[in-house]
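Everything below concerns the one structure shown next.
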């Protein structure tokens, strides 16, 4: 059992290490002219992505989305456990509430 744990770390031992969206996969495959079916997880993952914390201001989220050119960002707690995703729809809904009440 220990050997299996060493080869296949669980979320409890490693924590959140990243997220791969359908957009990431498609853009990477098109940019690299690669065969999507043969791409590995490492080839799909972009090290430049980042995450938000629940207490981050909406301005931080918008700036981060702009810098990373992504329409969604993972939200993680202080232990880097992913607790949700924030997307442009969430932001537009919140901004609409502030503007229109």
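Residue numbers (the numbering used here): 1487 to 1587.
Where a beta carbon is used, it is the ideal one built from N, C-alpha and C, also for glycine.
(request) Take residue 1513 as the anchor and find which of 1550, 1573, 1556 and 1567 has the nearest alpha-carbon. (result) 1556
(message) Using a Cβ-Cβ cutoff of less than 7 Å, which residues in the same chain neighbour residue 1572 once the five nearest sequence positions on both sides are dropped?
(response) 1538, 1547, 1558, 1559 and 1561
(request) State the start and end residues of the unbroken beta strand (DSSP E) segment that holds residue 1559. (result) 1558-1562
(message) Could you tell me the alpha carbon to alpha carbon distance between residue 1517 and residue 1508, rounded to whole angstroms?
(response) 14 Å
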